[in-house]
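Q: Chains as they are written, first to last, in the working numbering: chain F, 1 to 428; chain H, 429 to 856. Don't be surprised by glycine CBs; every beta carbon is placed ideally from N, CA and C.
Okay, here's the thing in structure tokens:
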């Protein structure tokens, strides 16, 4: 039996505790699979004396997180979080010390992934981050290795469990966003400050990691057009259902001759698409390859067990010596692909207007669509609500998105509209 | 750039041709991802002069398939098929020659996988077989590596595209098995002799490979209880639909204190289960781990492109040097787990009787169930058909399967029954 893989662990929150529990509970199995034991030798966290229900007495305690890089370990696992600060300092120090680095930190990778990959490759140490995207689902591995024979044209999925939990609950119970958000917060499914999740930032971090691996391009978080689900109302979900769709927050990336396109946006997903059946906090990722066709990976996108499972899978790969360039190819060879213009895309749109209940409203909306050359496939107007407003939901035929934007611009400030229209894309 | 990985290819059918096309079409991308070129240097097939639409002039032609093991290559890819014969001879010769071996041959692995893994490990060469299970879906990798941190309690899925194609077509069009089979054969979705597919043998081969990797047990194809879909009629699918289920051929394996349980059988899958939405020739595999929870892998289970994608993914892993024991742990350490007794299982059952339309039939069936201590959850009797028979469909409460068998045994030979009853399990 080879020597143990010695691990230093930064961060003892739910995931950090989960890693210790996985390594403990499945010790024999992991040793057999890894070909050698995997042992935590040192830990660091904010508060040494907090009761975490874990026996830390066997580990060296390191007060200064960055100092973990200098302890007697082969690999440092970073579960501190944050795009910069201690996490980034630790990553740089670890790689500079010629040690392997495993992280679940999507924000740091979105911002500094390229730098870190180059640093890791310079000294030939592993940098792995399966847990950074879609929790326990081995989708980084699926793209980096499983689909490696393919040119990937498109990668997309449900990347944020909080949003999917909220949307599926709105769908199942006919409730409105704000109401469900409060419950999700109370039950621990959403943060006290939920904006990273519900405004699509978290999904955008993850998407930028997936695109880089799928397309062989430099991580480009800055060019992800991200919006979230704050403006989805119960009526949108009901109208979508009536039309044969479910509403999902979808992160989608495409690479082609027009450049790299990355967007996180609420979508209408057709009922016969696998993503329509992903409910609760489950995540799912689809990759479309030129030979393999459509691959789907689905599972728990968060939680201590699933996320720790992904962290330990990375450690097993490292223990086995089965690792290579983090982004599937040398970081220096990743293409610096320009961002594609959103407006050039064609697609079908769902548009919802809250309108004043008065003569001529429909004519005004219809005229704006016609003038922008957007053809209407279906339109539903629902009777006025108690506040005197009515709802108009439109599904368009395929059209350039720029045209839809023109139509909405024409209607901006109209007295007919009682609020901002909502535009969702329809997944094809 | 490192030296090219030199590949010898045995078998130039659809998948073999696909491998050559993938390597050609995605050459630059594959070279970047693999860190070195992957080049076919020699080929062997039955007929040198058959027009395959592929230029073979750049490859050495080897008449005797087994002789490929001696040509100047690093890896041999076997796409000949067959559990024994030339495929097995080539596998043995290749590993004996200290060369890597990649295969899509599930039958050979089901029968000889342990021997081949031991041979490969003895000389530290790769043995890889992603394409042997579920075509293009990287499920071998998903279990071997992605879920490696988990104790897997259960692995199951839709492993045969032909059966799923037939069942979903029966479902969509209300047609009977025999009728759809003829169409599937005409369209190339089923073999002229379809028994390997429709009787569950092919799925059993694949299941035995999955269980071995999931559970760390020796491949045990001999103990897979396999049956197929021949006896499913349109009415079964209609009754299942009325009850909220779809009919799927599911291969399922469990390992626990009672031993290793492996079965391929037609199941009723609840509509809210992801497998219920897998249609056409798509495959899907679920693994349940003690930390990751439920993972789903879905995609094309057959076809030249997807299968070749999996073969080339194996070659990329080999080119990268990212490979280890084929069954996730050294073959010598795989447990020889005894087969679990089927009858001890508990579950819900769907039972369909074709009955003579006469007094007392229902009473007789109900009495048999009661006497075997099987409680009925729902029962539907449909009016007699033109031939004078009627259909009785029963869903039972959870009960030991042995009890259900007793009930059916009691009814054997009864004058009330116009044919063999059909028993399908209900997936929980």
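Just tell me which of 842(H), 690(H), 643(H) and 627(H) has its CA closest to the CA of residue 655(H).
A: Translated into positions along the second chain, residue 655(H) becomes position 227. It is 627(H) whose Cα lies nearest to the Cα of residue 655(H).
Q: By the criterion of Cβ-Cβ separation under 8 angstroms, what are the contact partners of residue 646(H) in chain F?
A: Taking the first residue of the second chain as position 1, residue 646(H) is located at position 218. Residues of chain F passing the Cβ test: none, with the nearest at roughly 14 angstroms.
Q: In the DSSP assignment, what are the bridge partners of residue 283(F)?
A: Locating residue 283(F) in the first chain gives position 283, counting from the first residue. DSSP lists 299(F) as partners of residue 283(F).
Q: For residue 695(H), count neighbouring C-beta atoms within 10 Å of its own C-beta (all shown protein chains included) and say buried if the count is 16 or more, exposed if not.
A: Taking the first residue of the second chain as position 1, residue 695(H) is located at position 267. Buried, because 16 or more other Cβ atoms sit within 10 Å of the Cβ of residue 695(H).
Q: Check whether the Cβ atoms of residue 210(F) and residue 147(F) lie closer than 8 angstroms to each other.
A: Numbered from its first residue, the first chain carries residue 210(F) at position 210. Numbered from its first residue, the first chain carries residue 147(F) at position 147. It is not a contact, given that the beta carbons lie outside the stated cut-off.
Q: By the criterion of Cβ-Cβ separation under 9 angstroms, what are the contact partners of residue 698(H) in chain F?
A: On the second chain, residue 698(H) is found 270 positions in, with the first residue counted as 1. By Cβ distance, chain F contributes nothing, its closest Cβ being about 12 angstroms from residue 698(H), past 9 angstroms.
Q: Closer than 7 angstroms by beta-carbon distance: list the chain H residues that pair up with residue 70(F), in chain order.
A: The sequence position of residue 70(F) within the first chain is 70, counting from 1. None at all; the shortest Cβ gap to chain H is about 27 angstroms.
Q: If you compare alpha carbons, which of 269(F), 62(F) and 290(F) is closest to residue 8(F)?
A: By one-based count along the first chain, residue 8(F) stands at place 8. Considering only alpha carbons, the answer is 62(F).
Q: Given residue 619(H), which residues of its chain have a CB within under 7 angstroms of its CB, disregarding the five upstream and five downstream residues?
A: Position 191 of the second chain, counted from the first residue, corresponds to residue 619(H). Counting only Cβ-Cβ distances below 7 angstroms, and skipping sequence neighbours, we find 625.
Q: May I have the straight-line CA-CA distance separating residue 679(H) from residue 724(H), to the nearest angstrom?
A: As a first step, residue 679(H) must be located in the second chain, where it is residue number 251. As a first step, residue 724(H) must be located in the second chain, where it is residue number 296. Those two C-alpha atoms are separated by around 14 angstroms.
Q: Does the region 124–136 of chain F come into contact with the region 283–302 of chain F, if we say contact requires no fewer than three beta-carbon pairs (one atom in each stretch) closer than 8 angstroms?
A: Because the criterion of three Cβ pairs below 8 angstroms is met, the region 124–136 of chain F and the region 283–302 of chain F touch.
Q: Would you call the region 337–347 of chain F and the region 379–392 of chain F in contact, with 3 or more CB pairs under 8 angstroms?
A: Contact between the region 337–347 of chain F and the region 379–392 of chain F is absent, because fewer than three Cβ pairs lie under 8 angstroms.
Q: Would you list, in sequence order, the uninterrupted beta strand (DSSP E) runs of no fewer than 3 residues that lie entirely inside the region 505–588 of chain H?
A: Complete beta strand (DSSP E) runs here, min 3: 528–531 and 580–586.
Q: Is any beta-carbon of chain F found at less than 8 angstroms from that of residue 726(H)?
A: Position 298 of the second chain holds residue 726(H). At least one chain F Cβ lies under 8 angstroms of residue 726(H).
Q: Leaving out the 5 sequence neighbours to the left and right, which residues in its chain are closer than 8 angstroms to residue 232(F) when beta-carbon positions are compared?
A: Here residue 232(F) corresponds to residue number 232 of the first chain, with the count starting at 1. Once the five neighbours on either side are set aside, the close Cβ partners of residue 232(F) are 167, 170, 177, 247, 266, 422 and 424.
Q: Hey, would you say residue 287(F) sits closer than 8 angstroms to residue 143(F), going by beta carbons?
A: By one-based count along the first chain, residue 287(F) stands at place 287. By one-based count along the first chain, residue 143(F) stands at place 143. Contact flag set, yes.
Q: In chain F, which residues lie less than 9 angstroms from residue 482(H) when you measure between Cβ atoms?
A: The residue given as residue 482(H) occupies position 54 in the second chain. Correct list: empty, because the minimum Cβ distance to chain F is about 15 angstroms.
Q: Taking 8 angstroms as the CB-CB limit, is residue 261(F) close to chain H?
A: Taking the first chain and counting its residues from 1, one reaches residue 261(F) at position 261. It does not: the Cβ of residue 261(F) has no partner Cβ on chain H nearer than 8 angstroms.
Q: For residue 734(H), which residues of its own chain have a beta-carbon under 6 angstroms away from its beta-carbon, when the five flanking residues on both sides are left out?
A: Your numbering for residue 734(H) matches position 306 in the second chain. Correct list, in chain order: 563, 564 and 728.
Q: Taking 8 angstroms as the limit between beta carbons, can you name the residues of its chain near residue 856(H), skipping five residues before and five after?
A: On the second chain, residue 856(H) is found 428 positions in, with the first residue counted as 1. Excluding positions up to five away in sequence, the list reads 775 and 776.
Q: For a test of the three-state rule: what should DSSP assign to residue 689(H), helix, strand or coil?
A: Here residue 689(H) corresponds to residue number 261 of the second chain, with the count starting at 1. The answer is strand: DSSP assigns residue 689(H) an E or B state.
Q: Quick check on DSSP: helix, strand or coil for residue 37(F)?
A: Locating residue 37(F) in the first chain gives position 37, counting from the first residue. Three-state DSSP puts residue 37(F) in coil, outside helix and strand.
Q: Whether or not the region 639–647 of chain H and the region 787–800 of chain H are in contact is what I'm after, with contact meaning three or more pairs of Cβ atoms, one per stretch, closer than 8 angstroms; do they touch?
A: Short answer: they don't touch.
Q: Verify the CB distance criterion: does residue 854(H) have a CB-CB separation below 8 angstroms to chain F?
A: Position 426 of the second chain, counting from 1, holds the residue named residue 854(H). So no, residue 854(H) is outside the interface.
Q: Kindly list, in the order they appear in chain F, the residues whose Cβ is closer than 9 angstroms to that of residue 584(H).
A: Here residue 584(H) refers to the residue found at position 156 when the second chain is read from its first residue. Those do not exist, as residue 584(H) stays about 15 angstroms from chain F at its closest Cβ, beyond 9 angstroms.
Q: Residue 328(F) by DSSP, collapsed to three states: which one?
A: Taking the first residue of the first chain as 1, we reach residue 328(F) at position 328. Residue 328(F): coil per DSSP, three-state reduction.
Q: Within its chain, find whatever has a CB closer than 7 angstroms to the CB of residue 414(F); leave out the 5 residues flanking it on each side and keep chain order.
A: Here residue 414(F) refers to the residue found at position 414 when the first chain is read from its first residue. So the qualifying residues of the chain are 364.
Q: By DSSP, does residue 482(H) sit in helix, in strand, or in coil?
A: Taking the second chain and counting its residues from 1, one reaches residue 482(H) at position 54. Coil.
Q: Can you grab the Cα-Cα spacing for the pair residue 194(F) / residue 91(F), in whole Å?
A: Locating residue 194(F) in the first chain gives position 194, where the first residue counts as 1. Locating residue 91(F) in the first chain gives position 91, where the first residue counts as 1. Straight-line Cα distance between these residues: approximately 26 angstroms.
Q: Specify, as a first and last residue, the run of the alpha helix (DSSP H) that residue 19(F) falls within.
A: The residue given as residue 19(F) occupies position 19 in the first chain. Here the alpha helix (DSSP H) through residue 19(F) covers 14–25.
Q: Hey, is the region 323–337 of chain F in contact with the region 109–123 of chain F, meaning 3+ C-beta pairs nearer than 8 angstroms?
A: At 8 angstroms Cβ cutoff, the stretches touch.
Q: List the endpoints of the continuous alpha helix (DSSP H) containing residue 425(F).
A: Here residue 425(F) is taken as the residue at index 425 of the first chain, counted from 1. Run containing residue 425(F): none in the alpha helix (DSSP H); it sits in the beta strand (DSSP E), 422–426.
Q: Against chain H, with Cβ distances strictly below 8 angstroms, would residue 294(F) count as a contact?
A: Translated into the one-based positions of the first chain, residue 294(F) becomes position 294. It does; some Cβ of chain H falls within 8 angstroms.
Q: Let me check one thing: in DSSP terms, what residues is residue 807(H) bridge-paired to?
A: Translated into the one-based positions of the second chain, residue 807(H) becomes position 379. DSSP output for residue 807(H) lists 822(H) as bridge partner(s).
Q: Please name the residues in the region 149–175 of chain F whose beta-carbon is closer than 8 angstroms to at least one beta-carbon of chain H, in chain order.
A: If the cut-off is 8 angstroms between Cβ atoms, the region 149–175 of chain F has 149, 150 and 151 near chain H.
Q: For the alpha helix (DSSP H) that contains residue 320(F), what are its first and last residues?
A: On the first chain, residue 320(F) is found 320 positions in, with the first residue counted as 1. From DSSP, the alpha helix (DSSP H) with residue 320(F) extends over 304–320.
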